[in-house]
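Chemist:
Number of protein chains: 2
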Amino acid sequence: MDKRADIVSGAASAFEADCFRGAGIDKVLAPSGASTRTLYKHFGSKEGLVLAVLEERHRRFEERLEAAAKGADAVAALFDTLRQWLEEHGARGCMLLRARAEYSGASEEIVDLVRRQKSAFRRRVAARVEAALGREDDSLATQIWLLFEGATAAASVADLSVVNAAKAAAASLVEEAKRNAC
Amino acid sequence: MDKRADIVSGAASAFEADCFRGAGIDKVLAPSGASTRTLYKHFGSKEGLVLAVLEERHRRFEERLEAAAKGADAVAALFDTLRQWLEEHGARGCMLLRARAEYSGASEEIVDLVRRQKSAFRRRVAARVEAALGREDDSLATQIWLLFEGATAAASVADLSVVNAAKAAAASLVEEAKRNAC
DNA sequence: CACAATGTAAAGCGATCGTTGTACATGACA
DNA sequence: TGTCATGTACAACGATCGCTTTACATTGTG
């Protein structure tokens, strides 16, 4: 009976169906059935709710990444997880980046949160690259990260096979980096 | 004295500074100084204006791509043009994809336009890949496209050097494709 | 001169926005 | 039993939303 979690989860659905600015308080509260009074008790403002939704979304995605990291190829697993995530949640572009874009002129706090989240994610990719390669390779990590973000964005205007294309490209780049070490 | 073009150009600035839903008619009209009456004579609705802005934006970017295609390496030139574009316009993520996200639950017409624009862009990338490789390679073209979209997205939360990383990755993938042909 | 095209200024439409206030129900715990 | 935290329902706040309307100025063309 955690009403706060109910609101966050329902708000996430509303923000996906519509956009952040486009989803009014009533639409945001409809899935959880909470009252406006309760929302403002917990979050203070709509912006506070958005921050909570973004934090929860990022936490959940990183959890999923960790759970799927068992396989041999840690880099390929990134893209398998992404594909599974997009199949479940739909491909409308990264929610964090969408929030950043909508609030880039309105909330410095949201812009900053997303920047930190993406920086943390890039570090996570770098750790996987190191695991696959046996050594650090920062520019390779950036390249894999770009393929990941590219696939996420492109899936909103193309089909999900772009994720497989990104996975194959990442494998090529890792293989080439291995060869260059010999 | 083309007022219509003035409105489109000014509206593009407003949509960049704020977001699409967040920029009201008054803000949209402020840069051009036009009246609401004139706007609705030309575009019929705010959605009509957004469509015109997106078409203009895409047309301008493709023009820029064509103008910069003189160099030897047609694929690398893609990323040089992107970097230059982002330096001029700022890196807030692809405007077309931002519009798609904001109107995904509100305007099928905008969603469709962006899908067609991105499809055309991917075909343009494929043509460059063919020029660089001497033969068609559809999956390589997709991979280059993903690097491009990834760099565009990532530049909004990191620095512009990600564009160079994408360019280097694209070069690697093209080189490997050349080797596989021998 | 007449006229159509194209523009501006300004008021106002109903609707919705994010937010707050008031009043009441519930259950846990002292 | 009393109290406190947490929830609900519902009306209303001022502001702003997208959009329409009325009325008037400017300009080029026949």
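Same order as they appear, the protein sequences are chains A and B. Residue numbers for the first sequence follow numbering that gives the first Met the number 0, beginning at 0 and rising by one. Residue numbers for the second sequence follow numbering that gives the first Met the number 0, beginning at 0 and rising by one. Ideal placement from N, C-alpha and C gives every residue a C-beta, glycine not left out. All values derive from a computational prediction rather than experimental measurement.
1) Is there a C-beta anywhere in chain A that falls below 8 Å from the one on Arg127 (chain B)?
2) Would you kindly work out how many angstroms separate the C-alpha atoms of Ala164 (chain A) and Asp137 (chain B), rounded to a whole number?
3) Terminal residues of the continuous alpha helix (DSSP H) containing Asp111 (chain B)?
4) At a threshold of 7 Å, does Ala22 (chain B) count as lining the ligand ADP (C-beta to nearest heavy atom)?
5) Hey, is Lys45 (chain B)'s beta-carbon within less than 8 Å of any beta-carbon in chain A?
6) Using a beta-carbon distance cut-off of less than 7 Å, what residues from the stretch 15-49 of chain B approach chain A?
7) Checking contacts by CB at 8 Å: is Leu77 (chain B) closer than that to chain A?
8) Starting from the Cα of Val52 (chain B), find the closest Cα among B:Ala168, B:Phe19, B:Val161 and B:Ile143 and give me that residue.
9) From this set, B:Val49, B:Glu129 and B:Ala119, which residue's C-alpha is nearest Ala11 (chain B)'s C-alpha?
10) Give the interface partners of Gly104 (chain B) over in chain A, defined as CB-CB distance under 8 Å, in chain order.
11) Does Ala80 (chain A) come within less than 8 Å of chain B when only Cβ atoms are used?
12) Helix, strand or coil, according to DSSP, for Ala169 (chain B) in the structure here?
13) Only counting the same chain, and skipping five residues up and downstream in sequence, which positions put a Cβ closer than 8 Å to that of Ala153 (chain B)?
14) Tell whether a beta-carbon distance below 8 Å holds between Gly92 (chain B) and Gly149 (chain A).
15) Determine the burial state of Glu101 (chain B): buried for a count of at least 16 other Cβ atoms within 10 Å of its Cβ, exposed for fewer.
16) Evaluate contact between the stretch 123-139 of chain B and the stretch 130-144 of chain A, counting only Cβ atoms and requiring at least three cross-stretch pairs below 8 Å.
17) Return yes when the Cβ of Ala170 (chain B) is within less than 8 Å of the Cβ of Leu146 (chain B), no when it is not.
18) Can you pull the chain A neighbours of Trp84 (chain B), defined as C-beta to C-beta under 9 Å?
19) Please list, in chain order, all residues of the same chain as Trp144 (chain B) whose beta carbon is under 6 Å from its beta carbon, the five residues on each side excluded.
20) Alpha carbons only, please: which of B:Glu65, B:Gly43, B:Leu95 and B:Arg97 is nearest the one belonging to Ala126 (chain B)?
21) Determine the DSSP secondary structure at Ala14 (chain A), reduced to helix, strand or coil.
Modeler: Considering the structure as presented:
1) no
2) 10 Å
3) Glu107 to Leu132
4) The ligand ADP is absent from the structure shown, which contains no ligands of any kind.
5) no
6) Ala16, Asp17, Cys18, Arg20 and Gly21
7) no
8) B:Phe19
9) B:Val49
10) Ala16, Asp17, Cys18 and Gly21
11) The residue asked about is misnamed: residue 80 (chain A) is Thr in this sequence, not Ala. Thr80 (chain A) does not count as touching chain B.
12) helix
13) Val161
14) no
15) buried
16) no
17) no
18) Residues of chain A passing the Cβ test: none, with the nearest at roughly 16 Å.
19) Arg121 and Val124
20) B:Glu65
21) The sequence given here places Phe at residue 14 (chain A); Ala does not occur at that position. Correct three-state label for Phe14 (chain A): helix.
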